[in-house]
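In our numbering, the protein residues as written are 7 to 294. Virtual Cβ for every residue (Gly too), placed ideally from N, Cα, C.
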Amino acid sequence: MTRQTVLKKNYEELDFTDDFMFCKVLQSNENLCKELIELITGKKISRISFPEKQKTIEMTADNKGIRLDIYVEDDKHSVYDVEMQMTKKTNLPKRSRYYQGLIDLNLIERGEDYRKLRKSYIIFIMMDDFFGEGLHLYTFTNLCKQIPELELGDEAEKIFLCANGTADDISADMKEFLDFLKERSTNNKFTKELADAVDQVHRNENWRLEYMTRYVRDMDIREEGREIGESLKLISQIKKKIQKSKALEIIADEIEETPDSIRPIYDLIKQYPEKSAEEIYEFMDNEE
């Protein structure tokens with residue numbers, strides 16, 4: 007299978023719901039980005055700014071970091087993370103919590119006063135109704151269990167926008183935007199401008215090259231991960247059979263390999279029986 011057939015989509019097929027297109031359209035059109043955030047949050051914003059393009063937050067080299075799709079600040083220092091989430095996920099609430107925590111840690115230096123934390127909005131745009139209640143828009147803040155009308159006041163808000171909701175809970179403009187996501191329809195000024203911006207990205211040859219380069223790189227990473235996984239599986243199979251005192255030739259026959267092809271692994275496991283499959287693989291990789 008060639009890389010061309012492996013690509014999730016050709017560049018010409020990308021639309022606004024694809025992560026790459028979503029980022030390019032909003033990062034290169036500040037007014038459209040501001041209008042979308044205003045539409046989702048229901049608040050007016052004078053202006054926004056992009057501290058970084060597709061901001062990456064990684065607290066230490068060993069910790070799991072995140073790359074935010076759209077990360078902006080407004081003129082009142084509120085921060086917004088807008089994520090296009092078209093693939094089904096089962097961990098969105100925990101993911102939103104994780105994003106919130108890393109964004110907060112990124113906003114203040116160690117030892118600084120917590121009052122420097124800013125009002126923040128974590129926004130997920132998705133197709134399906136994750137919560138199954140029929141709403142298009144779910145907004146979460148921290149409330150008191152004993153007194154539900156008492157809000158914690160930590161100024162952290164999480165919003166989930168679901169295109170396939172069924173309730174009559176959104177404005178006409180929001181409905182037009184969700185129809186644009188679902189059907190690519192352009193029945194108002196905002197959606198027509200979004201469609202025009204998508205066309206502009208399609209015509210940008212530098213971004214076409216960036217898209218191809220990024221996906222070739224990602225495929226290389228996935229292929230490397232697949233090869234490592236297959237190697238570890240093979241080492242584990244051989245290790246288990248050696249523990250049952252099976253000879254090299256019998257092991258090769260049972261796993262449908264040749265004795266010569268698995269002899270290096272066999273010899274290493276015999277030499278270092280206490281080592282795990284991962285340690286054996288690392289030793290082989292270093293030897294290469």
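- Residue environment for K40: buried (at least 16 other C-beta atoms within 10 angstroms of its C-beta).
- Collapsing the DSSP output to three states places M27 in a helix.
- Going by C-alpha positions, K94 is about 20 Å away from R190.
- Taking C-beta atoms under 8 Å as the contact rule, N35 and A203 qualify, at a distance of about 5 Å.
- Nearest C-alpha to E284 among Q206, E260 and I234: I234.
- According to the DSSP assignment, L187 belongs to no beta strand (DSSP E) but to the alpha helix (DSSP H) extending over A178 to E189.
- The continuous alpha helix (DSSP H) containing I256 extends over residues L254 to E260.
- The closest CA to that of K198, considering only E44, L38, H83 and Y17, is found on L38.
- Boundaries cannot be given for Q152, as no beta strand (DSSP E) includes it and DSSP labels it neither H nor E.
- Take the alpha-carbon of C150 and the one of E163: they are about 15 Å apart.
- Between the C-alpha atoms of F196 and E236 there is a straight-line separation of about 49 Å.
- In this structure F130 is in contact with S102, their Cβ atoms being roughly 7 Å apart against a cut-off of 8 Å.
- In this structure, Q152 lies away from I128, with their beta-carbon atoms at least 9 Å apart.
- In this structure, DSSP gives L74 a state outside helix and strand, which the three-state scheme calls coil.
- If the five residues before and after I114 are omitted, its C-beta is found closer than 8 Å to the C-beta atoms of Y120, K122 and L123, all from its own chain and listed in chain order.
- Cβ atoms of I109 and D134 stay farther apart than 8 Å, at about 25 Å.
- With contacts defined by Cβ atoms closer than 9 Å, L184 and T23 do not form a contacting pair.
- C-alpha of L167 to C-alpha of C29: approximately 17 Å in a straight line.
- For F22, there is no enclosing alpha helix (DSSP H), as DSSP gives it neither H nor E.
- Restricting attention to R73, L32 and D81, the CA atom closest to the CA of R53 is found in D81.
- Of E157, E260 and M27, the smallest CA-CA separation from N148 is found for E157.
- The beta carbon of L238 lies closer than 7 Å to those of A283, E284 and Y287 in the same chain, with the five residues before and after it left out.
- Within its own chain, the residues whose Cβ lies closer than 7 Å to the Cβ of T264, once the five positions on either side in sequence are excluded, are A258, listed in chain order.
- Going by DSSP, Y86 is part of no alpha helix (DSSP H) but of the beta strand (DSSP E) stretching over V85 to Q91.
- By the CB criterion at 9 Å, H142 and A173 fall inside the cutoff.
- The beta carbon of N170 sits closer than 7 Å to the beta carbons of M133, D134 and D135 from its chain, once the five residues preceding and following it are set aside; these are given in chain order.
- The beta-bridge partner set that DSSP reports for A162 consists of S126.
- In the three-state reduction of the DSSP assignment, T96 falls in the coil class, being assigned neither a helical nor a strand state.
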